[in-house]
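Going from the sequence shown to our numbering is simple: count from 1 and add 44.
The beta-carbon is built from N, C-alpha and C at its ideal position, and this holds for glycine as well.
I have placed the structure first, in the form of structure tokens, so that the comments after it can refer back to it.
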Amino acid sequence: MPHDPRALPEFTTWPTFPFEGDLRIKVLEEPAEEPPRQGEDAAECRTCQAPDNQYIWVSDRWRVRAMDHPTGLPMVLILEPRSHLDLGDLPNLLAAELGVMTVRLERAIRSIEGVARVHVNRWGDGSAHLHLWFLARPYGRLQLRGTFLSLWDEILPPIAEAQWRENRALVAAWLAEFGGRPLADPAPIDWKAPTRLDGASTVEGPVDGPVDDTVAEATDPSPSPSAAPEEAPSDPAVAPGRARAAASGGERPATLQPDPADPEEAWEEGV
Ligand SMILES: [Zn+2]
């Protein structure tokens with residue numbers, strides 16, 4: 045049977061496909077000259093120019109950043125080398141560390157309550173500087189399984205800001221167990237004040253209003269003494285080896301436990 049370019053592919057019938065209704069396939073444009081990606085010229089690379097305080101965790105050779113606001117999934121993180129390299133350009137040291145960091149991040153994100161799976165993606169069509177995506181799939185949300193997860197991230201309502209900050213801080217703390225520096229803000233304290241402070245018997249229940257950011261900041265623990273948000277990225281080629289991050293293997297920090305609810309179902313990732 046001849047191929048019908050207008051026929052909808054089978055995946056549009058999958059339960060995980062986010063759209064319904066009348067669909068039509070776009071006309072495929074003729075091949076064009078590849079445009080330069082952002083940062084193809086290292087001198088203009090936004091990743092290389094980004095200060096450490098835009099990241100939740102940094103080490104001598106790697107940095108991890110989150111989105112700048114909550115999105116629909118419990119956690120979306122990006123892993124980047126400090127060096128201006130793409131995947132195929134990594135020297136053996138960074139290539140080996142990429143594997144260790146990938147496993148470590150997967151475990152860290154999966155340790156977040158309510159996360160069943162972590163999807164790891166690398167596209168690289170937008171920016172030249174290597175960046176790996178880690179997307180957390182919520183437990184029990186079977187409709188989000190597989191390749192459409194990144195689309196669902198924009199479809200679902202954003203998670204609560206406080207939960208998002210807590211999740212970021214948890215991952216940063218996990219990574220810091222092996223080295224590097226956590227830079228994520230601790231989750232704001234859910235501070236509840238009595239409506240009256242004079243001890244009168246008419247004191248009412250907790251205030252359910254929004255957390256006072258000023259109070260929350262004032263009561264937050266101090267950032268890690270090693271945190272230096274304005275510190276310029278060091279040259280990874282000559283950086284002294286804080287190689288614990290890579291050398292200490294992949295064992296799980298004792299303070300963080302695996303999600304006992306993680307099912308061992310035989311789902312084919314990427315289907
Ligand atoms: Zn770069």
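Minimum Cα-Cα distance from His175 among the listed residues Ser155, Leu195, Pro182 and Met145 corresponds to Met145. Of the heavy atoms belonging to ligand 1, none sits nearer than 7 Å to the Cβ of His175. Going by DSSP, Ala160 is part of the beta strand (DSSP E) stretching over Val159 to Asn165. By the neighbour-count definition (other C-beta atoms within 10 Å, threshold 16), Ile153 is a buried residue. Just so you know, the alpha carbons of Leu179 and Pro202 end up roughly 14 Å apart.
Exclusion of Gly168 from the 7 Å shell around ligand 1 follows from its C-beta lying no nearer than that to any non-hydrogen atom of the ligand. Distance from Leu227 to Ala216 at the Cβ level is roughly 7 Å; contact confirmed, criterion being Cβ atoms closer than 8 Å. One alpha carbon belongs to Gly158, the other to Ser194, and they sit about 18 Å apart.
In this chain, the alpha helix (DSSP H) harbouring Trp196 covers Leu193 to Ile199. Within the same chain, Gly116 come within 6 Å of Leu200 by CB-CB distance, once the 5 residues on both sides are set aside. Glu88 counts as exposed, since fewer than 16 other beta carbons sit within 10 angstroms of its beta carbon.
For Ala86, the CB falls within less than 7 Å of some heavy atom of ligand 1. Separation of Glu84 and Lys236 (C-alpha to C-alpha, rounded to the nearest whole angstrom) is 49 Å.
In this structure, the alpha-carbon of Arg185 lies about 31 Å from that of Val102. Taking one beta carbon from each stretch, the segment 103-111 and the segment 122-131 have 3 or more pairs nearer than 8 Å; the two touch. Around the beta-carbon of Asn97, fewer than 16 other beta-carbon atoms lie within 10 Å, marking it exposed.
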